[in-house]
Amino acid sequence: MKILHTVESYLPARHGMSEVVRQISERLVARGHEVTVATRSDPARTSDTIEGVKVRDFDVHGKSAVGVWGDVSGYQRFLLGSNVDVIVNFAAQQWATDLMLPLLPQIKARKVFVPTGFSALGDPTFAAYFAAMGDWMRSYDACIFLSDAYRDIDFARREGVERIAIIPNGAAAEEFDCPRDPGLRARLGIPEDHFLVLHVSGYLSVAKGQAEALEIFSGSQLQDATLLLVSPDFAQSLARSLTPRQLARGLYHLLRGKGLRALAFPTQLQVMKRLRRRRNRSARRQVLGHALSREDTVSAFLEADLLLFPSWIECSPLVLFEAAASRTPFLVTDVGNAAEIIRWTGGGRLLPGAPSGDREGSIHADIRGGSALLDAVHADAAGRSQMAEQAQMAWRQHFTWERIADQYEQLYRRLMEGSPIAGQFPPPPVLQ
């Protein structure tokens, strides 16, 4: 098959959505399909083919609800002229999908939509966008959801969308089926006897929960412990942390009710680390922030005793599947389908928290309650071992990228054959 995947940004950018599209695209190429990814231009991208996946880039930015600028007509001409069997739009609320929506009646290929959450569903700025969304979704040949219990699939069902498939996220066996790196702790300055708590994110942001992780860890009773925060943004010095991109991201969160600290979050996080240093030193604890390679990030998962992820908003966090793959129990706020992932894998616990009242329906972790839960899980070694074992078993059965690519390939083939989609791609089983 000839397949076109569209996504807002792609390699070398590393974040949740680019990783999902990479994993599916590369595996389909390995099976003999021709896959192209249409995405935003990136000056760091040095080739138009990455691991067999063709990349067509466009200098386009924005989202239709607030404005799109750049080579809009060039991208839309490309979509209309694409001689492919299947076009898949990954993620709503961004230009690579938004610019195709008005073209849906003119697209001859089979059309698939992967909404990934509808984070702005309650935002008045997007009211007109979502008023039209039901008609757009019914125009697709299939809609793929990462969850059976989140706002995007609930919206689709209310709007009478019938061609629904549920295909979750996952983690790669070739990455996580490997031995631990015995030198990682020494390289990062983590004592061998420390209980290692991990937080991983593609960027530093007020919404990703790094500050809450620091506060929960610092308020706990743990001794001889390290909190390791992993993000590419730690490669920036404190003086250079206020980049235009970071300021734009902070302004976006500020306008959505996340407060003034969104504008200078990396600087604030560094200050918080210094303010908590004395308290943590007295308990033989430390907080480290590192920008790690992908290989070292996987090694950190394999080395960690616990993943702490008090994010404000997610759809279906990849880090929870990576925790399951690495036998790392996790604590996570009730964001996206985190509760559902816990039911699927048995690998974690929900942190206490409450809705923030902002436009996106964010969840704020309860710091004191989170510290108490961290203490309780730390004290229950047998419980952690059980969570780790059953989560990894569930991952092997249902959440490897190889199995997920199988499902995408089956769905694409069914569309080409004219076979029904409804009821053919149910959610993974819940652990008993």
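Positions 11 to 442 (our numbering) are the ones given, in order, by the sequence shown. Even for Gly, the Cβ is constructed at its ideal location relative to N, Cα and C.
Rounded straight-line distance, which links the Cα of residue j to that of residue i
{"i": "E401", "j": "R337", "result": "Here residue 401 is Ala; the residue named in the question, Glu, does not match the sequence. In a straight line, the C-alpha of A401 is about 7 Å away from that of R337."}
{"i": "S74", "j": "Y422", "result": "28 Å"}
{"i": "I13", "j": "A382", "result": "49 Å"}
{"i": "G180", "j": "L113", "result": "31 Å"}
{"i": "D69", "j": "P22", "result": "16 Å"}
{"i": "V342", "j": "A314", "result": "15 Å"}
{"i": "A272", "j": "H408", "result": "Unreliable placement is indicated for A272, whose pLDDT of 48 sits below 50; no coordinate value is reported for it."}
{"i": "P438", "j": "A310", "result": "27 Å"}
{"i": "K118", "j": "L90", "result": "8 Å"}
{"i": "E185", "j": "G380", "result": "30 Å"}
{"i": "M443", "j": "G393", "result": "Because the chain here runs from 11 to 442, residue 443 falls outside it and cannot be looked at."}
{"i": "V387", "j": "F227", "result": "13 Å"}
{"i": "L208", "j": "S129", "result": "25 Å"}
{"i": "W354", "j": "G346", "result": "14 Å"}
{"i": "R359", "j": "V45", "result": "38 Å"}
{"i": "T410", "j": "S429", "result": "25 Å"}
{"i": "G132", "j": "A102", "result": "14 Å"}
{"i": "R304", "j": "E29", "result": "11 Å"}
{"i": "P327", "j": "R289", "result": "31 Å"}
{"i": "I200", "j": "D385", "result": "20 Å"}
{"i": "E6", "j": "G144", "result": "Outside the displayed span of the chain (11 to 442) sits residue 6, for which this structure offers no information."}
{"i": "V122", "j": "C325", "result": "18 Å"}
{"i": "H71", "j": "R413", "result": "33 Å"}
{"i": "Q434", "j": "A333", "result": "28 Å"}
{"i": "D306", "j": "V210", "result": "12 Å"}
{"i": "E202", "j": "P192", "result": "10 Å"}
{"i": "M426", "j": "V96", "result": "8 Å"}
{"i": "A415", "j": "R32", "result": "11 Å"}
{"i": "E222", "j": "D158", "result": "28 Å"}
Where residue i falls, given that 16 or more other Cβ within 10 Å makes a residue buried
{"i": "C153", "result": "buried"}
{"i": "N93", "result": "exposed"}
{"i": "V297", "result": "buried"}
{"i": "A106", "result": "buried"}
{"i": "C188", "result": "exposed"}
{"i": "A301", "result": "exposed"}
{"i": "S321", "result": "buried"}
{"i": "R295", "result": "buried"}
{"i": "L316", "result": "buried"}
{"i": "R195", "result": "buried"}
{"i": "A391", "result": "exposed"}
{"i": "R173", "result": "buried"}
{"i": "D162", "result": "buried"}
{"i": "L270", "result": "The predicted model places L270 with a pLDDT of 44, which falls under 50 and marks its position as unreliable, so this point remains unresolved."}
{"i": "T56", "result": "exposed"}
{"i": "A245", "result": "exposed"}
{"i": "G356", "result": "buried"}
{"i": "A432", "result": "exposed"}
{"i": "D151", "result": "buried"}
{"i": "W10", "result": "The requested residue 10 is not part of the displayed model; the chain covers only 11 to 442."}
{"i": "S395", "result": "exposed"}
{"i": "V308", "result": "buried"}
{"i": "P178", "result": "buried"}
{"i": "V329", "result": "buried"}
{"i": "D243", "result": "buried"}
{"i": "R167", "result": "exposed"}
{"i": "A141", "result": "exposed"}
{"i": "V436", "result": "Val is not the amino acid found at residue 436; the sequence shown has Pro there. So P436 counts as exposed."}
Check whether residue i and residue j have beta carbons under 9 Å apart
{"i": "S149", "j": "P115", "result": "yes"}
{"i": "D344", "j": "I377", "result": "no"}
{"i": "T135", "j": "V98", "result": "no"}
{"i": "A182", "j": "A293", "result": "no"}
{"i": "L206", "j": "Q220", "result": "no"}
{"i": "L312", "j": "R406", "result": "no"}
{"i": "D67", "j": "A48", "result": "yes"}
{"i": "T126", "j": "F100", "result": "yes"}
{"i": "L109", "j": "L237", "result": "no"}
{"i": "G299", "j": "S241", "result": "yes"}
{"i": "F331", "j": "I351", "result": "yes"}
{"i": "E370", "j": "R41", "result": "no"}
{"i": "H25", "j": "G212", "result": "yes"}
Closer than 8 Å: residue i CB and nearest the ligand FMN heavy atom
{"i": "L318", "result": "Of ligands this structure carries none, so the ligand FMN is not represented either."}
**Q.** Any beta strand (DSSP E) of 3 or more consecutive residues that is wholly inside the stretch 12–69
**A.** Here the runs fully enclosed are 12–16, 44–50, 63–68.
Q: Starting from the N-terminal side, write out each stretch of the alpha helix (DSSP H) that is 4 residues or longer and does not extend beyond the stretch 104–160.
A: DSSP runs (the alpha helix (DSSP H)) wholly in the stretch 104–160: 105–108, 137–149.
(Q) Ignoring anything shorter than 3 residues, give me the beta strand (DSSP E) runs that lie fully in the stretch 146–231, in order along the chain. (A) The stretch 146–231 contains these whole beta strand (DSSP E) runs: 152–155, 174–176, 205–210.
Q: Write down every uninterrupted run of the beta strand (DSSP E) in the stretch 320–351 whose length is 3 residues or greater and which is fully enclosed by it, in chain order.
A: Runs found: 340–342.
Q: Check whether the stretch 57–71 touches the stretch 29–36, counting contact only when three or more Cβ pairs, one atom from each stretch, lie closer than 8 Å.
A: Yes: the two stretches touch, three or more of their Cβ pairs being nearer than 8 Å.
Q.
Can you confirm whether the stretch 227–239 touches the stretch 358–367 when touching is taken to mean that 3 or more C-beta pairs between the two stretches lie within less than 8 Å?
A. They do not touch, by the three-pair rule.
Q | Any alpha helix (DSSP H) of 4 or more consecutive residues that is wholly inside the stretch 401–429 | A | You should have 411–427.
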